[in-house]
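**Q** Numbers in this note's numbering are just positions in the sequence shown, counted from 1, shifted up by 952.
Note that CB positions come from ideal geometry on N, CA and C, so glycine has one too.
Predicted, not measured: the structure shown is a model, and the values here were computed from it.
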Amino acid sequence: MITQAFVLAAGLGTRLRPLTDELPKPLVPIFQKPLITFALDHLIATGIQRFVINTHRLPHLFEHQFAEKHYRGRSVDLVNEPELLETGGGIKNAEPLLHDGDFLTYSGDILTDIPLDSLIEEHFRAANDVTLALRETGFTPSIAYQQGRIVDIGERFGIAGDYDFANIAVWNKKIFARIPQRKISFIPVLLDWIAEGGKIGGLVLNEGKWFNIGSSVQYVEVHRIIASQNWSPDFIGDADWAARTAKSASIDTSAQLRGLTVVGADCYIGAGAILEDTIVWPGAQIASLSELQDCIVRTRHRAEGILQNAIV
């Protein structure tokens, strides 16, 4: 069993701007639940007891989110990177906290229910040094996979890719000796290891859902898919996470919420307001008599007037 995981949350969230201007992408809400907590719930279901999370932008918001340094009874250590170290450098930087053998890495900005137990089982069955979760994601395939082994990434050795990396992997602690103490992706580290005969394995996991939210349109579409398909994996620890309206929201009785409208915690919706297919983040306010259609109102922002396809 693997009991520790490194969750990558230090990205800039550039593709999701302006939603990420004031909130790191891993903390963006999906219905009533921060995105990163789906990853933590998923990992807990596999037996993870300790989390290390790296941060970069707006680290105080992660500190607030995990103020107790625990999540569902599991310890959480935050490691800030004042300068981004990329994926390899981030793993190396977390080495002092990942000292109990093999560990999982999981991108804190994806949303998925792929079977992690299968990935872990394959890692130990094949006695791999590293095992990557692979998937047909719709992005350009970059990983060449043959007979259970990763043989190329990005065609460095001239072998075309079959699959994409699903942003989840299992690592042997031998990786720490191979990563320099500097900014570096783990891709060249793995490629060098492959060239030297390292056992870099993979497992194709096309089951279930896998979302990598790269735009405000995709952000809204994820809500539509979850709502229309009643997607709610058993591992999620919050019973009311997919509620359309948070219990602490204050909504005037004359306001109308239509279509796929989501209202977060501690929001205020004024008298006569009409919201259609609009997502309102925690703490936001909608002025009385406002009409919003296909909008996103961010945390602590106030929307008023007639708005369509707007991000406030």
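With burial defined as no fewer than 16 other Cβ atoms inside 10 Å of the residue's Cβ, what is the status of Ile1095: buried or exposed?
**A** Position 143 of the sequence shown, counting from 1, holds the residue named residue 1095. The residue in question, Ile1095, is buried, as its Cβ has 16 or more Cβ neighbours within 10 Å.
**Q** Which residue or residues does DSSP assign as beta-bridge partners of Tyr1171?
**A** For this step, residue 1171 is matched to residue 219 along the sequence shown. Paired residues: none, contrary to the question.
**Q** Using 8 Å as the cut-off, can you tell me whether the stretch 1054 to 1064 makes contact with the stretch 1155 to 1163, which would need three or more C-beta pairs spanning the two stretches below that distance?
**A** Short answer: they touch.
**Q** Could you tell me the distance, in whole angstroms, from the CA atom of Gly1153 to the CA atom of Tyr1097?
**A** Your numbering for residue 1153 matches position 201 in the sequence shown. Your numbering for residue 1097 matches position 145 in the sequence shown. Gly1153 and Tyr1097: Cα-Cα distance of roughly 8 Å.
**Q** Could you work out which residue in Cys1247, Ala1225, Gly1150 and Lys977 is closest to Val1172 when comparing CA atoms only?
**A** Counted from its first residue, the sequence shown places residue 1172 at position 220. That would be Cys1247, whose Cα lies nearest to the Cα of Val1172.
**Q** Measuring CA to CA, which of Asp1204, Gln1181, Ile1258 and Ile1127 is closest to Asp1054?
**A** Start at 1 with the first residue of the sequence shown, and residue 1054 comes out as number 102. Among Asp1204, Gln1181, Ile1258 and Ile1127, the Cα nearest to that of Asp1054 is on Ile1127.
**Q** State the CB to CB distance for the pair Pro986 and Leu979, rounded to an integer number of angstroms; the pair is presumed to be in contact (CB under 8 Å).
**A** On the sequence shown, position 34 is the one that residue 986 refers to. On the sequence shown, position 27 is the one that residue 979 refers to. That belief holds up - the Cβ atoms of Pro986 and Leu979 are roughly 5 Å apart, short of 8 Å.
**Q** Hey, Ala957 and Ile1000 are a contact pair by Cβ (cut 8 Å); roughly how many whole angstroms apart?
**A** Within the sequence shown, residue 957 is the residue found at index 5, counting from 1. Within the sequence shown, residue 1000 is the residue found at index 48, counting from 1. Confirmed, Cβ separation roughly 5 Å.
**Q** So for Leu1049, helix, strand or coil by DSSP?
**A** Walking along the sequence shown from the start, residue 1049 turns up at place 97. Residue state, collapsed to three classes: helix.
**Q** Determine which residues share a DSSP beta bridge with Ile1105 and list them.
**A** To locate residue 1105, count along the sequence shown from 1; it is residue 153. Ile1105 pairs with Ile1095.
**Q** How is the alpha helix (DSSP H) around Ile1139 delimited, first residue to last?
**A** Along the sequence shown, one-based indexing puts residue 1139 at 187. Phe1138 to Ala1147 is the extent of the alpha helix (DSSP H) around Ile1139.
**Q** What residue does the beta strand (DSSP E) around Asp1116 start on, and which one ends it?
**A** One-based indexing of the sequence shown puts residue 1116 at position 164. Residues Asp1116 to Trp1123.
**Q** What would DSSP say about Ala1085, mapped onto helix, strand or coil?
**A** Taking the first residue of the sequence shown as 1, we reach residue 1085 at position 133. In this structure, Ala1085 counts as strand in the three-state DSSP scheme.
**Q** Report yes or no: do three or more beta-carbon pairs, one from the stretch 1107 to 1115 and one from the stretch 1179 to 1186, lie closer than 8 Å?
**A** Judged by Cβ distances under 8 Å, the stretch 1107 to 1115 makes no contact with the stretch 1179 to 1186, as fewer than three pairs qualify.
**Q** To the nearest angstrom, report how far apart Val959 and Thr1205 are at their CA atoms.
**A** The residue you call residue 959 lines up with position 7 of the sequence shown. The residue you call residue 1205 lines up with position 253 of the sequence shown. If you take the alpha carbons of Val959 and Thr1205, they lie about 42 Å apart.
**Q** Hey, Ala1195 and Cys1219: beta-carbon distance below 9 Å or not?
**A** Counting from 1 along the sequence shown, the entry for residue 1195 is found at position 243. Counting from 1 along the sequence shown, the entry for residue 1219 is found at position 267. Not in contact: Ala1195 and Cys1219 (Cβ atoms no closer than 9 Å).
**Q** Determine the direct distance from the alpha carbon of Arg1250 to that of His1051, and round the result to whole angstroms.
**A** Here residue 1051 is taken as the residue at index 99 of the sequence shown, counted from 1. Here residue 1250 is taken as the residue at index 298 of the sequence shown, counted from 1. Between His1051 and Arg1250, the C-alpha separation is close to 39 Å.
**Q** Do you know offhand how far Ile1136's Cα is from Glu1038's?
**A** Taking the first residue of the sequence shown as 1, we reach residue 1136 at position 184. Taking the first residue of the sequence shown as 1, we reach residue 1038 at position 86. Their backbone Cα atoms lie some 5 Å apart in a straight line.
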